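When we follow full-length UniProt numbering, the leftmost residue of the sequence shown carries the number 1, and every step to the right adds one. For each residue, glycine too, the CB sits at the ideal point set by N, CA and C. On a predicted model such as this, the values are computed, not experimentally measured, just so you know. Worksheet: one structure, shown below.
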Amino acid sequence: MDVELRQLRCLVAIVDEGGFTDAAIALGVSQAAVSRTLASLERALGVRLLRRTSREVTPTATGLRVVAHARRVLGEVEGLVREAASGQSSLRIGYAWSALGRHTLAFQRAWAAAHPATDLELVRANSATAGLAEGVCELSVVRRPLPERRFDSAIVGLERRLCAMAADDPLARRRSVRPADLAGRTLLVDRRTGTTTTELWPPDARPRTRESHDIDDWLTTISTGRCVGMTAESTAHQYPRPGVVYRPVRDAEPIAVRLAWWRDDPHPAAAAVIELLTGLYREK
């Protein structure tokens, strides 16, 4: 089946204009061209779409359904063209677990004030690229380097590492913990998007690990006391949870917050986002 946009436009024009002659005028083509285009569409679909009499042209029952679909398709194509032409009518930024922590609301408000013509949407996507590879966003916030060459990124800030534990955990009485304090514990990790691996510990003092794939599951399990977790400080700001406390981890490297994009198709707003986020993290 080979259906073209010109055929759908022709069908809609015939129905809207009430006939082939007026449709030809609206489309700027000959009446014969309109007839040929409609005939080619009917052949492609294998159905009759219009009834022609000496007085009027009316859609068949199938034609009515096809016209409705054609209007939706043409509308979506027009929206696609507008967005591609403007390049900045909308901006979706993906994130895996936490967006920008305590900077999230400030970023949204500052963006709306500085770029009112570009709608900003934060999209949660628990994948290694925070939705970038899956096409659900144009930019993404990630907290570990993306190894694939098809992506590029820039560091916009640094965040402390925090240990998440049950509120009644003995370590919760401390103001901070060290990696060595967790060596005999079970560490709950997300291998797809997480920032914590056992490589943070010496080979002979690494904690046991258990895998989690969702922030809610991660927090619920930690609240039971069976596991502890290590995460970026943005998680604590975005996901406070009764029964879970966060403590800074001393002697641990901070986590780099990166903005990522497609290397061969960077969004026009990427530079503005980097500038704004870098400024927010510097205010810390």
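Member of the options whose CA lies at the smallest distance from the CA of residue i
i, options, result
"A154", "R102, R6, S140", "S140"
"P202", "P179, M165, R210, R65", "P179"
"A164", "D2, R173, R263", "R173"
"A205", "L187, D217, I222, I215", "L187"
"P59", "V15, Y95, R43, T21", "V15"
"H69", "S30, E283, L8", "L8"
"T129", "T195, L105, P170, A113", "T195"
Whether residue i touches residue j by CB criterion (8 Å)
i, j, result
"E121", "V257", "no"
"R102", "R175", "no"
"W261", "A270", "yes"
"T231", "N126", "no"
"L277", "R241", "no"
"D181", "H213", "no"
"L11", "L41", "yes"
"S263", "F107", "Residue 263 is actually Arg in this sequence, not Ser. Against a cut-off of 8 Å, the Cβ pair of F107 and R263 comes out as no contact."
"L38", "L50", "yes"
"G225", "D265", "no"
"residue 346", "Y239", "Nothing can be reported for residue 346, as the shown portion of the chain is limited to 1 through 284."
"T62", "V47", "yes"
"R161", "I93", "no"
"A32", "A23", "no"
Secondary structure of residue i, DSSP reduced to three states
i, result
"S223", "helix"
"T37", "helix"
"R161", "strand"
"T21", "helix"
"E78", "helix"
"L132", "coil"
"P170", "helix"
"T58", "strand"
"V47", "coil"
"H154", "Correcting the residue type first, residue 154 is Ala in the shown sequence and not His. It is a strand residue."
"E42", "helix"
"R178", "coil"
"L188", "strand"
"L146", "coil"
"R52", "strand"
"R247", "strand"
Span of the alpha helix (DSSP H) around residue i
i, result
"W97", "Counting along the chain, W97 falls outside any alpha helix (DSSP H), and DSSP gives it neither H nor E."
"V12", "5–17"
"V29", "That residue, V29, is in no alpha helix (DSSP H); it is neither H nor E in DSSP."
"T104", "104–114"
"R258", "R258 -> not in any alpha helix (DSSP H); beta strand (DSSP E) instead, spanning 255–262."
"T278", "270–282"
Limits of the unbroken beta strand (DSSP E) element including residue i
i, result
"V123", "119–124"
Quiz item: At what residue ranges does the stretch 191–241 contain a whole run of the alpha helix (DSSP H), taking only runs of 4 or more?
Solution: 215–223, 233–238
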